[in-house]
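Residue numbers (my numbering): 8 to 83.
What follows is a single structure, written as structure tokens, with notes after it.
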């Protein structure tokens, strides 16, 4: 992860964004009010998909076996 302050980020925004997009390297930007992280769209989409899958898995684990189909009835 690349760490920078807001002033340096503003000066080098195009290069830093290009590096984030091409190499999936996040940028941590520090400001006086707190920090922000810039990630590539591909990394963002992966995070969203991982959260979705986790939710589906947890829901599946909470489903009683009586509500599940037997393996013989599942069509792949």
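From the three backbone atoms N, C-alpha and C, an ideal C-beta is built for every residue, glycine too.
Since the model is a prediction, treat every value here as computed from it, not as a measurement.
Would you please state the rounded distance, in angstroms, between the beta carbons of residue i and residue j? I believe it to be under 8 Å.
{"i": "residue 27", "j": "residue 47", "result": "5 Å"}
{"i": "residue 34", "j": "residue 11", "result": "6 Å"}
Pull up the distance between the alpha-carbon of residue i and that of residue j, whole angstroms please.
{"i": "residue 81", "j": "residue 60", "result": "20 Å"}
{"i": "residue 79", "j": "residue 57", "result": "29 Å"}
{"i": "residue 41", "j": "residue 51", "result": "21 Å"}
{"i": "residue 38", "j": "residue 64", "result": "38 Å"}
{"i": "residue 49", "j": "residue 66", "result": "26 Å"}
{"i": "residue 25", "j": "residue 68", "result": "41 Å"}
{"i": "residue 83", "j": "residue 17", "result": "51 Å"}
{"i": "residue 74", "j": "residue 22", "result": "53 Å"}
Run the CB neighbour count on residue i, radius 10 Å, all protein chains shown included, and call it buried at 16 or more, exposed below.
{"i": "residue 20", "result": "exposed"}
{"i": "residue 8", "result": "exposed"}
{"i": "residue 36", "result": "buried"}
{"i": "residue 44", "result": "exposed"}
What are the start and end residues of each continuous beta strand (DSSP E) run of 3 or more residues lying completely inside the segment 29-83, in chain order? Complete beta strand (DSSP E) runs here, min 3: 34-38, 41-45.
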